[in-house]
Amino acid sequence: MKDKKGRVVIVTGREHTPRPDMADILRCRDSVERALVKREWEVETIYFCEDDFSDTRMIRKILKVHNPVCIFNLFEGFALDSRKEVEFARILGELGIPFTGNEAEALENCLDKNRMKSLLQKEGILVPEGIYIKGIDEIQTGSLHFPLFVKPCFEDGSVGIENDSLVRTEEELRGVCERRLREFPAGVIIEEFIGGTEYITGGLGRWPYELLGISVIEHRQDPAVPQFLSYSAKWDRSSKEYRTIVPHKKRLGAELEKKITDVVRSAGKGLGLAGYFRVDVREQGGNVYVLDGNPNPDINTDSGFIKQASSKGYPYEVIIERIVREALWKQSK
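For the sequence shown, position 115 matches number 202 in this note's numbering, and the numbering has no gaps at all.
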C-alpha cells in the first residue's frame, strides 16, 4: 500500500436551510473527498456553523490542531450572511496554511458586484451600465435604457435572481426593487440588460490561466423561459428553467473565440482571480460584456466547470488534485 501524500482538511459550513445551493455544497464535499482518497491523500472534514464566528480564535485553534498540509476550502458563508466567506478566507490567509481556490481579496472583489464592475471598467472591460442602490429613493435610471435587470449586490449563485428580475417599465422596476431590498437590505444593482448569447468559461491556475473551454447558453430557444439564469434555473431540478437552460459546447468563429478568451483572461487578472474560477459574459452587437466573475465556483461532478474540464480530457480526481497542488505551489512562493 502506498503512503498517503498528506492530510487535506475539507472545510465547509453547516446550517439548517432549505436552500438547495447550500445543500449542494455538502454533496460537493463528498465528491471532493472521494477524489482525494482515490489520489492517495488523507482526508478529514471540518464543519463550521454561524456560532463559531462569534469567536474566531476557536476557528484558528481547530484548524491548527488538525495540522493539514492543505485546506480544501468549500466554505461559502451562510444563507443569511454570504460575507462570512470572505472573513473565513482572510483567517486562512493569516494562519499561513495553504488553502485551495481564491484568496479573500478576490472573493470580496466578486461578492461585491458594484466593486467588481468598477474594477473591470478600470481594466477597460465592458460591463452593463448600471447603478447601486440601498433605498427606493435612490432609484435614478437617468441615461439607462430599458429593459433593466435587478440583482442583489452581495450574493452569488443567482441568489435573489427571480423571474421578475428583468423589468421593462419604471413601475415594474420600483416594485421589484422594493421586494429585493426587503430581502437584501445591503443593496441591489440595477443595470441594462444585455440580451445577446451568453458564454461561460472556466479557468485554472494563475495569469494567464489555463482556460477549460467556452460553453454557450442560447436563452432564446424557449421564449416561455426567462432569458437569464435565475435561481431556479441553477438549483431547482424540478423547474422548466433547470431542464431548458443547459450550457453546451458549440463551435465558435475564431474571432469571437479570441475575443471571449481575451476578455476572460483580462477579467481574471483585474479581479485577482487564481486557483479556479468562472467568468460569465454576453456578446451583443460585436461587443463582449462581463456579467459576473465567480471565484471558487461549483466543482461537483455534474457542474459546468467540471464538464468543461472533462471535455478537455481531465478526469474529476485529476482536476481536484490539481487544485490542491496549485494551493501548495502558491504557499511555497
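Using N, Cα and C, we set each Cβ at its ideal position, and we do this for glycine too.
DSSP beta-bridge partners of residue i
i    : result
L291 : E297 and Y363
Y302 : Residue identity differs from the one stated: residue 302 is Ser in this sequence, not Tyr. DSSP output for S302 lists I287 and K336 as bridge partner(s).
V351 : In DSSP, V351 forms no bridge with anything.
Y376 : R369
T132 : I97
L253 : F236
I276 : Y219 and K238
Which of helix, strand or coil DSSP assigns to residue i
i    : result
C157 : strand
P382 : strand
I281 : coil
T99  : strand
T104 : coil
I248 : coil
F175 : helix
L415 : helix
R94  : strand
G183 : coil
F165 : strand
G262 : helix
Y403 : helix
G217 : strand
V152 : helix
V124 : helix
I212 : coil
V312 : coil
R409 : helix
M88  : Note on M88: pLDDT 42, under 50, position unreliable in the model; the coordinate value appears next. Coil.
I226 : coil
F392 : helix
L194 : helix
L207 : helix
G357 : helix
N387 : coil
N189 : coil
D142 : coil
R324 : coil
L268 : helix
I231 : Position check: residue 231 holds Leu in this sequence, whereas Ile was assumed. The answer is coil: DSSP assigns L231 none of H, G, I, E or B.
R170 : coil
Y397 : The sequence given here has Ser at residue 397, not Tyr. In this structure, S397 counts as helix in the three-state DSSP scheme.
S118 : helix
K200 : helix
D243 : coil
Backbone CA spacing between residue i and residue j [nearest angstrom]
i    : j    : result
E225 : I277 : 11 Å
E285 : H306 : 8 Å
H335 : S398 : 11 Å
L289 : E129 : In the sequence as presented, Leu is not what sits at residue 289; that position holds Gly. Going by the C-alpha atoms only, they are around 28 Å apart.
L298 : I393 : 12 Å
E131 : W322 : 27 Å
E259 : V96  : 47 Å
V368 : D349 : 12 Å
I407 : F135 : 22 Å
F241 : E270 : 12 Å
S118 : R101 : 17 Å
G357 : R365 : 14 Å
K238 : L231 : 16 Å
M250 : S319 : Looking at the sequence provided, one finds Asn at residue 250 rather than Met. Each residue's Cα considered, the two are about 9 Å apart.
E344 : I212 : 16 Å
G283 : R121 : 39 Å
C115 : R106 : 15 Å
F402 : L123 : Checking the sequence, you will find Pro at residue 402 rather than Phe. The straight-line gap from Cα to Cα measures roughly 12 Å.
Q395 : L182 : 33 Å
V303 : K148 : 45 Å
A191 : E413 : 16 Å
L167 : K346 : 37 Å
Nearest residue (CA-CA) to residue i, options the options
i    : options                   : result
L179 : I212, I218, V98 and L235  : V98
L415 : I220, N387 and G362       : G362
F315 : E328, G262, R412 and V377 : E328
P234 : E216, R255, K200 and N160 : R255
I223 : K209, P272, G188 and C197 : P272
A311 : T331, R177, N154 and I133 : T331
V152 : S419, A166 and I184       : I184
N160 : A341, L113 and G400       : L113
N196 : Q227, R293, G359 and D142 : G359
G247 : G262, R266 and G229       : R266
D199 : N381, E137, I146 and Q418 : N381
I158 : E404, I133, D168 and G391 : I133
N383 : E172, M145, P155 and D139 : E172
I410 : V333, R293, A341 and R338 : R293
Proximity test, residue i beta-carbon vs the ligand SAH heavy atom, cut-off 6 Å
i    : result
I149 : The ligand SAH is not among the ligands present in this structure, which contains no ligands whatsoever.
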